Amino acid sequence: MKLFYIVAGAAVLAGGLGGCGGGGGGGGGAGFPIFPTTPVAPVSLSVTVTVNGNAVDANGSGQYAAKPGDTVTIVPNLGSDWSSNSSPAGSVSLRKTDISSLKWSAQLANETTAASMFTVTAKASANSAQVKDIVFNVSAGDTRNGRYKVFATNGTRQTLALNFDTMSYEMTDETGTAVSDTFGSDLSEAGTYLFKSSRNTATAINTRFRLATDTVVGSFPFQVAKVPGTYAVQPFVASRALVTTQPALDGIYTRLGINLQAATRDSNIRQVQVASGGTVVYMCNEAAITSIAACPPASLLTYNVTAGSASDAWNIANVNDPLDAGIFYIARVAGKNVYLSAGTNPKPPNDSVFRIGLAESATWPVSKTSGGDTTGAWGTLDFDATTYSTVLVRSDATASGFTANLSSPSATISNLRLFTGPSSEFYFGTQDGTLSVVVGARSGPVAGYMQIGLVR
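Numbering (the working numbering), first residue to last: 1335 to 1790.
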């Protein structure tokens, strides 16, 4: 009986629905009311912005303030595609990018010394008509930021890009291969910085550098000359103040250098003069160290100078020997000219060579500098009127030092000194109060040795 009443009730309900038109008949009954649907408005694209993890708001001009080195993050409420640009073009570069449809994040670096505008554009992936510009006013970058031409003691010319806002660097070799990492302050020596590098596996981190205006002096793990795939910490000088007008090349330079083969090294000391509005170079090729003024005519070599492929490069060629040729540069360091050259000698046996020359001077100032040497050590180079002293930390973290008396090896070159090391080895040094250079004597245990320091 209960089953009967349930079935019957269901039939009555069905019939009631049918009579009301629920069965689809066209009886025209009132039926259930039909409510109109309200269209759903599309979601507008919006973003939230943080700088170094802190939420920020745009200013009255719709711009966000940022400093070089800041990490900015933009989070949209809709999946988005991204593009970006800077004004002036190329003035802002990015590091540590993290970009997806739901986030845009990067560290900003201003490559200029003026404020720059950087715009990130978000475009909704599902509706390209929805576009939003996020504009950052990026303050000026550190004045030390930029690209420096490197002259390395392995006989190569490279490019060092430094950014003090992001504390990062990039070293690009002569083949275009770049290595990059970070650097930090050396807590043991004010004004010195430490390169971080995967190439440096030594106990003591002697990949360091110091700066003067537009000049960097340091040590870096460059490839060993003539030994591909092998690296060693070696000194370098880098400049972004190279002379580009030929008459400004003129000067007399006390030039120290080293010649390198895979298994041998040698030293070179010569005085050279750039003259006649930068069109001629004279070099005294005497076995004894002799000035240009005192050079016997038979030993005075003459070279023509012509403009190189870059505005700061100058070709040099012996008027009597076309294979005796190369490229040199003149850097301005603390208001003085410095002669620089690094490359491969086209004359057999094709040594890798490095040369640095300081302008001739009758004064010998007291100087205190720090820098690296070709053994991979880093330390001090201190000169006064009568002595040279050094304290060096080797790559194995051991230290050594000595003080030596100075003498003049040439009666005609006033800014060159000779001294003897602790094992009776001979060294020559020159300095101008800003830069100091020491080279080992030829044909001895320190042939091909070089130490370069910058004022501290």
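The C-beta atom is built at its ideal place from N, Cα and C for all residues, glycine as well. Because the structure is a prediction, the values reported are computed rather than measured.
T1477: which of N1444, W1416 and Q1464 sits nearest, CA to CA? Checking every option, the nearest Cα to that of T1477 belongs to N1444.
Which of the three DSSP states is assigned to S1514 in this structure? Looking at S1514 - three-state DSSP - the assignment turns out to be strand.
Hey, S1573 and A1665 are a contact pair by Cβ (cut 8 angstroms); roughly how many whole angstroms apart? So it is a contact: roughly 4 angstroms between Cβ atoms.
Distance, Cα to Cα, A1618 vs F1529? Inspection of the sequence shows that residue 1618 is occupied by Cys rather than by Ala. In a straight line, the C-alpha of C1618 is about 39 angstroms away from that of F1529.
Taking the Cβ atom as the reference point for each residue, do V1484 and F1570 lie within a distance shorter than 8 angstroms? It is a contact, given that the beta carbons lie within the stated cut-off.
Given a threshold of 16 other Cβ atoms within 10 Å of its Cβ, counted over all protein chains shown, does N1791 qualify as buried or as exposed? Nothing in the structure corresponds to residue 1791, since the chain is present only between 1335 and 1790.
Mind checking whether T1490 and M1501 have CB atoms under 8 angstroms apart? Contact annotation: T1490 and M1501 have beta-carbon atoms that are not nearer than 8 angstroms.
Ordered along the chain, which non-local residues of its own chain (more than five positions away) have a Cβ less than 7 angstroms from that of C1629? If we look at C1629 and ignore the five residues flanking it on each side, its Cβ neighbours are C1618 and E1620.
Suppose the cutoff is 6 angstroms on Cβ atoms and the five residues either side in sequence are ignored; what does the same chain contact list for N1411 look like? Contacts found: S1380.
Checking the sheet assignment: what are the DSSP bridge partners for T1721? N1739, per the DSSP bridge assignment.
What are the partner residues of V1614, as DSSP defines its beta bridges? V1614 pairs with A1609 and N1638.
Quick one: measure Cβ to Cβ for Y1673 and Y1783, integer angstroms, because I've assumed they're closer than 8 angstroms. That belief does not hold up - the Cβ atoms of Y1673 and Y1783 are roughly 20 angstroms apart, past 8 angstroms.
What residues are listed by DSSP as bridge partners for S1704? BP columns for S1704 point to T1714 and L1788.
What three-state label does DSSP hand S1434 in the structure shown? The answer is strand: DSSP assigns S1434 an E or B state.
Close Cβ partners of G1480 (< 8 angstroms) along its chain, the five nearest in sequence each way excluded: Cβ neighbours of G1480 beyond the five flanking positions: E1445, A1495, L1496 and R1574.
Is it a yes or a no for the stretch 1637-1656 touching the stretch 1444-1461, going by three-plus beta-carbon pairs under 8 angstroms? Because the criterion of three Cβ pairs below 8 angstroms is not met, the stretch 1637-1656 and the stretch 1444-1461 do not touch.
By the 10 Å Cβ neighbour count, where 16 or more other Cβ atoms means buried, how is P1779 classified, buried or exposed? Exposed: under 16 other Cβ atoms inside 10 Å.
Delimiting residues of the beta strand (DSSP E) encompassing T1564: First-last for T1564: undefined, no H or E at that position.
Reduced DSSP category for Q1441 - H, G, I as helix; E, B as strand; rest coil: Residue state, collapsed to three classes: strand.
Along the chain, where does the beta strand (DSSP E) containing R1666 start, and where does it finish? Unbroken beta strand (DSSP E) run through R1666: D1655 to V1667.
Between which two residues does the beta strand (DSSP E) carrying F1753 extend? Per DSSP, F1753 belongs to the beta strand (DSSP E) from R1751 to T1754.
Identity of the residues DSSP links to S1675 by a beta bridge: S1675 is bridged to R1689.
Cβ pair F1762, T1754 closer than 8 angstroms: Result no, Cβ atoms of F1762 and T1754 do not sit closer than 8 angstroms.
Give every residue of the same chain whose Cβ lies closer than 8 angstroms to the Cβ of G1710, excluding the five residues on either side of it in the sequence, and list them in chain order. Excluding five sequence positions before and after G1710, the CB atoms of its chain that fall closer than 8 angstroms to its own CB belong to A1536, N1540, S1553, A1566, V1567, Q1568, R1728 and S1729, given in chain order.
Considering only residues of the same chain and omitting the five flanking positions on each side of S1757, which have a CB-CB separation below 8 angstroms? Excluding residues within five positions, the ones whose Cβ falls inside 8 angstroms are P1779.
Q1580 (DSSP reduced to helix, strand or coil): Of the three classes helix, strand and coil, the one that applies to Q1580 here is helix, per DSSP.
Below-8 angstroms beta-carbon distance, Q1492 vs any chain C residue: Protein chains in the displayed structure number just one, and chain C is not present.
Three-state class that DSSP yields for A1399 in the structure shown: Judged by DSSP in its simplified three-state form, A1399 adopts strand.
Nearest-angstrom Cα separation, counted from D1646 out to T1578: The straight-line gap separating the alpha-carbon atoms of T1578 and D1646 is approximately 5 angstroms.
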